[in-house]
Amino acid sequence: MVEEQDKLLPVANVGRIMKKILPPTAKISKEAKETIQECASEFISFVTGEASDKCHKENRKTVNGDDICWALGSLGFDDYSQAIARYLHKHREFERVRASTAAASSSAALELEASDC
Numbered sequence: 039m040v041e042e043q044d045k046l047l048p049v050a051n052v053g054r055i056m057k058k059i060l061p062p063t064a065k066i067s068k069e070a071k072e073t074i075q076e077c078a079s080e081f082i083s084f085v086t087g088e089a090s091d092k093c094h095k096e097n098r099k100t101v102n103g104d105d106i107c108w109a110l111g112s113l114g115f116d117d118y119s120q121a122i123a124r125y126l127h128k129h130r131e132f133e134r135v136r137a138s139t140a141a142a143s144s145s146a147a148l149e150l151e152a153s154d155c
């Protein structure tokens, strides 16, 4: 059985994110952190549920970033959808570059090993 607390984002992480936007001298009550924790967790669940429904209708088992972007737009969060789509594009590009760099260094290492023989 899944406990209610297990469905929520970690409150320490929520508090850390909240502190980043506030002045350094600002204090955040435990109640405020818990309220934001519940709201953020519910929002994530709401969006993920919409994306999951789309995947189910398309006979897919895996929710991906494009599904989340679609769900945000479908639910009326167009500004978030566009921002997340831009981030997702940048992230994928970064991963492509990183993968090709890793493949190139691996190839170079193999060539060095072969030349040592």
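The C-terminal position of the sequence shown is numbered 155 in this note's numbering, with every residue numbered one higher than the one before it. Note that beta-carbon positions come from the ideal geometry of N, C-alpha and C, so glycine has one too.
Q: Select from Tyr118, Arg54, Lys45 and Ile106 the residue whose C-alpha is nearest the C-alpha of Ser79.
A: Translated into the one-based positions of the sequence shown, residue 79 becomes position 41. If we check each option's Cα against that of Ser79, Lys45 comes out closest.
**Q.** As assigned by DSSP and simplified to three states, the class of Asn51
**A.** Residue mapping note: residue 51 aligns to position 13 of the sequence shown, counting from 1. If DSSP states are grouped into helix, strand and coil, Asn51 belongs with the helices.
**Q.** Alpha carbon of Ile74 to alpha carbon of Asn51, nearest angstrom
**A.** On the sequence shown, position 36 is the one that residue 74 refers to. On the sequence shown, position 13 is the one that residue 51 refers to. Their backbone Cα atoms lie some 11 Å apart in a straight line.
Q.
Could you tell me the alpha carbon to alpha carbon distance between Gln120 and Ala89, rounded to whole angstroms?
A. Here residue 120 corresponds to residue number 82 of the sequence shown, with the count starting at 1. Here residue 89 corresponds to residue number 51 of the sequence shown, with the count starting at 1. Spanning the two alpha carbons is a distance of roughly 16 Å.
Q: Just mark Val135 as buried or exposed, buried being the case when its beta carbon has 16 or more other beta carbons within 10 Å.
A: As a working note, residue 135 is residue 97 in the sequence shown. That one is exposed.
Q.
At the level of alpha carbons, what is the spacing between Ala142 and Cys77?
A. The residue given as residue 142 occupies position 104 in the sequence shown. The residue given as residue 77 occupies position 39 in the sequence shown. Each residue's alpha carbon lies about 45 Å from the other.
Q | Span separating the alpha-carbon of Asn102 from that of Trp108 | A | Locating residue 102 in the sequence shown gives position 64, counting from the first residue. Locating residue 108 in the sequence shown gives position 70, counting from the first residue. Spanning the two alpha carbons is a distance of roughly 10 Å.
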